[in-house]
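K.L.:
Mapped onto our numbering, the consecutive letters of the sequence shown carry residue numbers 51 to 386.
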Amino acid sequence: MNEMANSGTLQSHFKINPASNETGYKAYEAGSFKFKRDEYFVEIAWPNGTHRMAADDFMRALMRDVAWGFFYGTIAFDEVFGTTNHYGIVDMFAGTYHEVYKAAGRDHLEQFRAEELLKLMKDMVEDWTNEGYDPFAAPGEAGAGVPWGRKNGDNHDAVNRIRVTAERMVGLPGDAVIRTDDNGYPKNRMLADVAEDQPLVEAEPGFEKEVAAFNLYDYLSRSDVTWNPSVCSVVKESLFCPTSEEFSLPVEHGNDRCEWFVQLSDHIAWDVKDRDTGRPRAKLVMRAGDVACMPADIRHRGYSPKRSMLLVWENASPRVPEMIQKGEAPVVAVQF
Ligand code: PHB
Ligand code: FE
Numbered sequence: 051m052n053e054m055a056n057s058g059t060l061q062s063h064f065k066i067n068p069a070s071n072e073t074g075y076k077a078y079e080a081g082s083f084k085f086k087r088d089e090y091f092v093e094i095a096w097p098n099g100t101h102r103m104a105a106d107d108f109m110r111a112l113m114r115d116v117a118w119g120f121f122y123g124t125i126a127f128d129e130v131f132g133t134t135n136h137y138g139i140v141d142m143f144a145g146t147y148h149e150v151y152k153a154a155g156r157d158h159l160e161q162f163r164a165e166e167l168l169k170l171m172k173d174m175v176e177d178w179t180n181e182g183y184d185p186f187a188a189p190g191e192a193g194a195g196v197p198w199g200r201k202n203g204d205n206h207d208a209v210n211r212i213r214v215t216a217e218r219m220v221g222l223p224g225d226a227v228i229r230t231d232d233n234g235y236p237k238n239r240m241l242a243d244v245a246e247d248q249p250l251v252e253a254e255p256g257f258e259k260e261v262a263a264f265n266l267y268d269y270l271s272r273s274d275v276t277w278n279p280s281v282c283s284v285v286k287e288s289l290f291c292p293t294s295e296e297f298s299l300p301v302e303h304g305n306d307r308c309e310w311f312v313q314l315s316d317h318i319a320w321d322v323k324d325r326d327t328g329r330p331r332a333k334l335v336m337r338a339g340d341v342a343c344m345p346a347d348i349r350h351r352g353y354s355p356k357r358s359m360l361l362v363w364e365n366a367s368p369r370v371p372e373m374i375q376k377g378e379a380p381v382v383a384v385q386f
């Protein structure tokens, strides 16, 4: 999924069509891809094919793709449709990584400037989210709302959340937004037993503004979103991105690099497939304390039956995808 697309030319056609009288939703065009939604479904059309997704699945995936700015590698909304990030340039594809679509010549891929495509997708997530529906929430949570029905209001606050980035060591003055004790977020119903009395910090007088520690479990137990890693520590190109998970990862992620998972609480089951064909490769269950390295040639989707805490560890080096493509870096972290 990493190789630059074959199409060559960058598409610059973007169109937002006025709301339909029938459903109240706007329709969208990016290159020759066309998108429309009705009360239950989203329909995607390209020159030689069409595809339909349930509106809830589509909205949860669209929300992640937008919020993460196309993330690392491929965000597959399902087995047919998705985007691949080349960092500045983005592929939009249908059937490209599906053996049968490919064999039948029904696959299609176009490239866009990332910021131009993101603008259109942001408009789509705004327009297609109704009042009371939160695409970041797990469907069983209070406040998740329903995605169905005709256009009915909006949920500006929910869809405009940005991934939280620590400005400096969490707990120190100026850490911006993520201090746990005073950020006003209540504990999640499933993580109500997480203790918050540790750590106790006793700084020498004069060092109170330089010595800090915070309770990551307490922080994560207060997350009001699911499957949305926040960048909590940055050491050179090593990013620790903890997140709280419930229900399923709304996308299949095909990474362009190795990616580590540290299961911090409860458990998540993972389906691992070949990145390019979608053929099943492995299933695993990660329980609290388990650590796994996802290879760079797979796609994965996680299933978290209860709210759980996961640490996603990324190597953000811009050189890694190319090194892997050239065979200079391995697709697995360890060879036994
Ligand atoms: C992943 O694709 O690796 C991923 C994305 C979001 C999460 C967890 C894992 O919340
Ligand atoms: Fe991933």
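Glycine included, C-beta positions come from ideal geometry on N, C-alpha and C.
Would you tell me roughly how many angstroms separate the C-alpha atoms of E378 and A154, rounded to the nearest one?
P.N.:
Sequence index remark: in the sequence shown, residue 378 carries index 328 (1-based). Sequence index remark: in the sequence shown, residue 154 carries index 104 (1-based). Computed Cα separation, rounded: 34 Å.
K.L.:
Can you tell me which of D157, L168, V150 and V130 puts its alpha carbon nearest to the alpha carbon of I139?
P.N.:
Reading the sequence shown from its first residue, position 89 is the one you call residue 139. Considering only alpha carbons, the answer is L168.
K.L.:
Got a sec, what are the start and stop residues for the alpha helix (DSSP H) A105 sits in?
P.N.:
Translated into positions along the sequence shown, residue 105 becomes position 55. First-last of the alpha helix (DSSP H) with A105: A105 to A117.
K.L.:
If you draw a straight line from the C-alpha of I125 to the C-alpha of L250, how long is it?
P.N.:
Here residue 125 is taken as the residue at index 75 of the sequence shown, counted from 1. Here residue 250 is taken as the residue at index 200 of the sequence shown, counted from 1. Rounded to whole angstroms, I125 to L250 spans 40 Å at the Cα level.
K.L.:
Is it the case that the CB of V362 approaches a heavy atom of the ligand PHB more closely than 6 Å?
P.N.:
For the purposes of this step, residue 362 is identified with residue 312 of the sequence shown, where counting begins at 1. Yes, the ligand PHB has a heavy atom inside 6 Å of this Cβ.
K.L.:
Select from D141, Q313 and D184 the residue whose C-alpha is nearest the C-alpha of G339.
P.N.:
Along the sequence shown, read from residue 1 onward, the residue named residue 339 stands at position 289. Of the listed residues, the one whose Cα sits closest to G339 is Q313.
K.L.:
Which residues in the same chain as R351 place their Cβ atom closer than 6 Å to its Cβ, once the five residues preceding and following it in sequence are excluded?
P.N.:
Taking the first residue of the sequence shown as position 1, residue 351 is located at position 301. Closer than 6 Å at the Cβ level, and outside the excluded window around R351, lie L299, E302 and D321.
K.L.:
Where do the ends of the alpha helix (DSSP H) carrying F169 lie?
P.N.:
Sequence index remark: in the sequence shown, residue 169 carries index 119 (1-based). Note on residue identity: the sequence assigns Lys, not Phe, to residue 169. Unbroken alpha helix (DSSP H) run through K169: A164 to D177.
K.L.:
By Cβ distance below 7 Å, which residues in the same chain neighbour G99 in space, the five residues on each side in sequence not counted?
P.N.:
Taking the sequence shown and counting its residues from 1, the one referred to as residue 99 is at position 49. The answer, listed in chain order, is A144, G145, R156 and H158.
K.L.:
Between the beta-carbon of E176 and the beta-carbon of V209, is there less than 7 Å?
P.N.:
Translated into the one-based positions of the sequence shown, residue 176 becomes position 126. Translated into the one-based positions of the sequence shown, residue 209 becomes position 159. Yes. Within cutoff.
K.L.:
Nearest to E295 by alpha carbon, out of K356, E258, D347 and A242?
P.N.:
Here residue 295 is taken as the residue at index 245 of the sequence shown, counted from 1. With distances taken between Cα atoms, E295 lies closest to K356.
K.L.:
Give the range of the alpha helix (DSSP H) segment to which E149 is assigned.
P.N.:
Your numbering for residue 149 matches position 99 in the sequence shown. Start and end: E149 to A153.
K.L.:
Assuming contact is defined by CB atoms lying nearer than 7 Å, are F91 and A80 in contact in what I supplied?
P.N.:
By one-based count along the sequence shown, residue 91 stands at place 41. By one-based count along the sequence shown, residue 80 stands at place 30. Cβ distance not < 7 Å, so F91 and A80 don't count as in contact.
K.L.:
Counting pairs of Cβ atoms below 8 Å between the region 236–250 and the region 262–277, do you hit three or more?
P.N.:
yes
K.L.:
Do you know whose CA, among C308, I348, I318 and K84, lies nearest T327's CA?
P.N.:
Here residue 327 refers to the residue found at position 277 of the sequence shown. Among C308, I348, I318 and K84, the Cα nearest to that of T327 belongs to I348.
K.L.:
Which value, in whole angstroms, describes the spacing of the CA atoms of D88 and P185?
P.N.:
On the sequence shown, residue 88 is found 38 positions in, with the first residue counted as 1. On the sequence shown, residue 185 is found 135 positions in, with the first residue counted as 1. Taking the straight line from one Cα to the other gives about 17 Å.
K.L.:
Examine the ligand PHB and report whether any of its heavy atoms sits within less than 6 Å of the Cβ of W277.
P.N.:
Counted from its first residue, the sequence shown places residue 277 at position 227. Indeed, a heavy atom of the ligand PHB lies less than 6 Å from the Cβ.
K.L.:
Which same chain residues, not among the five before or five after V335, have their C-beta less than 7 Å away from its C-beta?
P.N.:
Stepping through the sequence shown from its first residue, residue 335 is reached at position 285. Same-chain partners within the cutoff: H317 and A319.
K.L.:
To the nearest angstrom, how far is the alpha carbon of L60 from that of Q375?
P.N.:
What you label residue 60 is simply residue 10 of the sequence shown in a count that begins at 1. What you label residue 375 is simply residue 325 of the sequence shown in a count that begins at 1. About 22 Å.
K.L.:
My output table needs one value for F386: the three-state DSSP class, helix, strand or coil.
P.N.:
The sequence position of residue 386 within the sequence shown is 336, counting from 1. Looking at F386 - three-state DSSP - the assignment turns out to be coil, as it is neither helix nor strand.
K.L.:
In terms of DSSP beta bridges, what is P330 paired with?
P.N.:
For the purposes of this step, residue 330 is taken as the residue at position 280 of the sequence shown. Note: P330 sits in a beta bridge opposite K323.
K.L.:
Where does the unbroken alpha helix (DSSP H) through I374 begin, and where does it stop?
P.N.:
Sequence index remark: in the sequence shown, residue 374 carries index 324 (1-based). For I374, the enclosing alpha helix (DSSP H) has its first and last residue at V370 to Q375.
K.L.:
For P388 versus A117, is the C-beta spacing smaller than 7 Å?
P.N.:
Because the chain in this structure spans residues 51 to 386, residue 388 falls outside the shown range and cannot be described.
K.L.:
In the DSSP assignment, the beta strand (DSSP E) including D316 goes from what residue to what residue?
P.N.:
Within the sequence shown, the letter at position 266 stands for residue 316. Element bounds for D316: n/a, residue is neither H nor E.
K.L.:
Closest to L289 by C-alpha separation, out of V220, R331 and W363, would be which residue?
P.N.:
Residue numbering aside, residue 289 sits at position 239 when the sequence shown is read from its first letter. When each option's Cα is compared against that of L289, the closest is W363.
K.L.:
Please report the straight-line C-alpha distance between M174 and F121, rounded to a whole angstrom.
P.N.:
Working through the sequence shown from its first residue, we reach residue 174 at position 124. Working through the sequence shown from its first residue, we reach residue 121 at position 71. Between M174 and F121, the C-alpha separation is close to 18 Å.
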